[in-house]
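Here my numbering is used: the first residue of the sequence shown is 7, the next is one more, and so on. Each residue gets a CB set at the ideal place from its N, CA and C atoms; glycine is no exception.
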Amino acid sequence: MGFIDWVLNIIGLLLWLSFWASRFDPLSKPAAGTLAGTLKPAEPRKTTHANALIWLTLLLVARAVFYDLIGRSLEIPFQLDPGTVTMIFRPLATPSFNSFLHMLSYSIASFILTFTWAHLWLVFLAAINHREGDHLIYLRLLRFYLGRLARLHPAIQLFLGLILVGLAWALIRLLMIWQGTLPPSKSTLNVLAQIGLIMVSSLISLRYLIAILLGLHFLSQFAYFGQPPWLLFAITSAKNLLAPFANLPLRIGQVDFMPILIIAATFGIAQLIRHYMPILLTF
């Protein structure tokens, strides 16, 4: 079920992006005196900016209904793992509105977690490419999506991205306490510690993005994959990641092994942090 949950969250993200992009559709509200304003559509436009949000809401509700039914029939537990604590969700033994609300809480929390981590990845991509111009189409789109955030100093970008993760966890935590999945915290300090560890966990999730970027860069040394825009963006991002280590002697012939070393180091550090994180939660 974890894979299905991941796919549905990706669909939810695409619906959100569709909603965001629809606000900039030149044919939705064409300005007078422009070419778009003089064109008459062949048929009435039936789409609105809210359509994607409506479909996103229906997706989250339908997923909750499906999980409530399948979870009760097959006794499948659903896990939400933000990196510090693993929360288990199970439908109630008998069908009821409370059981549906329980799984709806999971559906919403799972999407919020994916949404915030995905945006942290986007902020990270913008931060490492802050010295690049606008010659890469995907970088232009990324900066357009992030708006003013993309023009800030990289450290401030990442800090605000982590703040978004912390606020999202605070929202999820309130939702879980309301549903009885999490007990109320003993002190404000404990809540702040949890939020801090969630931020660290979100940083750890960047290891997958780093591995993808550096892996593509490493493979590009052996094969020519053409110059599709997405690959140019990925390779440029990887080179910017490797820039601080450019003087280290890890090149043998024409092959640079620095990407492999960085990937291994990133996953090793992440594993150490995940190992000691439960110990920190006991204090």
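Since residue i is in the alpha helix (DSSP H), which residue starts that stretch and which ends it?
| i | result |
| --- | --- |
| phenylalanine 84 | Unbroken run through phenylalanine 84 is the beta strand (DSSP E), 84 to 86; no alpha helix (DSSP H). |
| methionine 205 | 194 to 210 |
| arginine 146 | 143 to 152 |
| tyrosine 230 | Per DSSP, tyrosine 230 belongs to no alpha helix (DSSP H) and is neither H nor E. |
| alanine 244 | 235 to 248 |
| aspartate 74 | 57 to 80 |
With which residues is residue i paired in a DSSP beta bridge?
| i | result |
| --- | --- |
| isoleucine 258 | Val261 |
Would DSSP call residue i helix, strand or coil?
| i | result |
| --- | --- |
| methionine 7 | coil |
| alanine 157 | The residue you asked about is not alanine; residue 157 is arginine in the sequence shown. Here arginine 157 sits in helix by DSSP. |
| threonine 187 | coil |
| proline 101 | coil |
| asparagine 135 | coil |
| asparagine 253 | coil |
| serine 111 | helix |
| serine 116 | helix |
| serine 226 | coil |
What are the boundary residues of the beta strand (DSSP E) that includes residue i?
| i | result |
| --- | --- |
| phenylalanine 95 | 93 to 95 |
Hey, is residue i close to the ligand FAD, as in C-beta under 8 Å from one of its heavy atoms?
| i | result |
| --- | --- |
| glycine 221 | Absent from the structure shown: the ligand FAD. Ligands present: none. |
Could you say if the stretch 168 to 181 and the stretch 212 to 227 meet the contact criterion of at least three C-beta pairs nearer than 8 Å? no
Do the stretch 187 to 197 and the stretch 141 to 156 make contact, defined as three or more Cβ pairs closer than 8 Å? no
At least three beta-carbon pairs within less than 8 Å, the stretch 216 to 231 to the stretch 262 to 277: yes
Per the contact definition of three or more C-beta pairs closer than 8 Å, is the stretch 120 to 133 in contact with the stretch 146 to 165? yes
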